[in-house]
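Q: Before I ask anything, here is the structure I am working with.
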Ligand code: PBG
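Written as structure tokens, this is what we have:
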């Protein structure tokens, strides 16, 4: 008559629940995506990402200290150039005094090797047309012509102090090209965190404001179709073959099946990016009083880790770090 198994036994006190908890979030596994912008004298609030800012070099320095205090694992830096510095090929991406490379130097000065400093390796922030690669006269994105640009960009970032470069443009062969370039330049210890399964997602919406992206149109010829999970695993395997040290699935939230499938397949650490749209939705609902913000934030990141991510990129990283300290 009585149930033999009583799962509720292990839920009866907080200490018991803690003891049997299967998934835990560690601040050290979190990476904070941050923005540094050229030509501003004060940090600029990003309206679609409440609580997030485009930083000046000075406020970036303070942010670095805050991230170290929060005990998180690293910072992933994106650069926002001045509008007039954008060009067809995004040359500010590899200019030594380009804003992203200056920001990386500041992070390196402030943090040394204490946190992992990652750089976004892509052209979309720096191109006048907003595409992640070079555009042919007919408007299509030229995969192979883009690769040498990524290599130059990755080298500049490594020289500026990035421990990891993160190619996010979804060009075929980008990981192999960057690995060769870094090796030939003697930068064998610069790691590659590859955006492997990156989907053409509407959840990137607020990010486009964050980096003042000039894109008209979409990225469907290079980012993946949200309907395809197996293809995400294939992309991750290809990147591992090409020399990726870490593979990433992005977005994380609506793609937990892909995170799980990739984590079960690849022999390298898996990162997942909780993107701007996920952040904005929770912040908006919390502002209305419709959600318990802290619980939802922790639950959403727990879900990503439970699916198999070793590393989570999230705009809540410093805050979570403080909560869990
Ligand atoms: C492209 C890039 C994007 C994001 C990170 N890198 C946007 C895009 O592909 O359009 C999105 C991040 C987010 O939404 O939080 N370099």
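In this note's numbering, the protein residues as written are 12 to 336. Beta carbons are placed, not taken as given, at the ideal position from N, Cα and C, and that holds for glycine. A quick note: this is a predicted structure, and the numbers were derived from the prediction, not measured.
Does the pairing of the stretch 83-98 with the stretch 322-329 give three or more beta-carbon distances under 8 Å?
A: Cβ pair count under 8 Å is three or more, so yes.
Q: If we ignore side chains and look at the alpha-carbon of each, how far apart do residue 196 and residue 251 end up?
A: The alpha-carbon atoms of residue 196 and residue 251 are separated by roughly 21 Å.
Q: When the Cβ atoms of the stretch 103-110 are set against those of the stretch 142-153, are three or more pairs found closer than 8 Å?
A: Short answer: they don't touch.
Q: Using a strict less-than 5 Å threshold between each residue's beta carbon and the heavy atoms of the ligand PBG, what residues do you get?
A: This selection yields 133, 135, 179, 215, 218, 286 and 287.
Q: Please state the DSSP three-state secondary structure of residue 129.
A: Strand at residue 129.
Q: Would you kindly work out how many angstroms separate the C-alpha atoms of residue 114 and residue 240, rounded to a whole number?
A: Looking at the two C-alpha atoms, the distance is approximately 35 Å.
Q: Report the rounded CA-to-CA distance for residue 55 versus residue 15, giving the unit in angstroms.
A: Distance between the alpha carbons of residue 55 and residue 15: 59 Å.
Q: Going by C-alpha to C-alpha distance, which of 99, 117 and 192 sits closest to residue 148?
A: Minimum Cα distance to residue 148 is reached at 99.
Q: Taking the Cβ atom as the reference point for each residue, do residue 258 and residue 319 lie within a distance shorter than 8 Å?
A: Taking 8 Å as the Cβ cut-off, residue 258 and residue 319 do not qualify as a contacting pair.
Q: Buried or exposed, going by whether 16 or more other CB atoms sit within 10 Å of the CB of residue 97?
A: By the neighbour-count rule (16 or more Cβ atoms within 10 Å), residue 97 is buried.
Q: By how many angstroms is the C-alpha of residue 13 removed from the C-alpha of residue 89?
A: Residue 89 and residue 13: Cα-Cα distance of roughly 59 Å.
Q: Should residue 213 go down as buried or exposed, given a rule of 16 or more other Cβ atoms within 10 Å for buried?
A: Exposed, by the Cβ-count rule.
Q: Out of 293, 270 and 238, which one is the CA nearest neighbour of residue 244?
A: Checking every option, the nearest Cα to that of residue 244 belongs to 270.
Q: State the CB to CB distance for the pair residue 233 and residue 152, rounded to an integer number of angstroms; the pair is presumed to be in contact (CB under 8 Å).
A: With 8 Å as the limit, residue 233 and residue 152 qualify as a contact, their Cβ atoms being about 6 Å apart.
Q: Classify residue 253 as buried or exposed, calling it buried when 16 or more other Cβ atoms lie within 10 Å of its own Cβ.
A: Buried is the call here.
Q: Should the stretch 42-51 be regarded as contacting the stretch 62-75, the criterion being three or more beta carbon pairs within less than 8 Å?
A: Yes: at least three Cβ pairs fall under 8 Å.
Q: Assuming residue 169 and residue 193 are in contact, meaning their beta carbons sit under 8 Å apart, how far apart are those beta carbons, in whole angstroms?
A: The pair is a contact, with the Cβ atoms about 6 Å apart (cut-off 8 Å).
Q: How many Å lie between residue 79 and residue 17 at the Cα?
A: Those two C-alpha atoms are separated by around 43 Å.
Q: Cα separation between residue 229 and residue 223?
A: Answer to the nearest angstrom: the Cα atoms are 15 Å apart.
Q: Could you give the distance in angstroms between the alpha-carbon of residue 215 and the alpha-carbon of residue 287?
A: Distance between the alpha carbons of residue 215 and residue 287: 6 Å.
Q: Taking the alpha helix (DSSP H) that residue 217 falls in, what are its first and last residues?
A: Its alpha helix (DSSP H) spans residues 216-221.
Q: Measuring straight from C-alpha to C-alpha, what distance separates residue 164 and residue 289?
A: About 29 Å.
Q: Are the Cβ atoms of residue 72 and residue 121 separated by less than 8 Å?
A: Yes, they are a contact pair.
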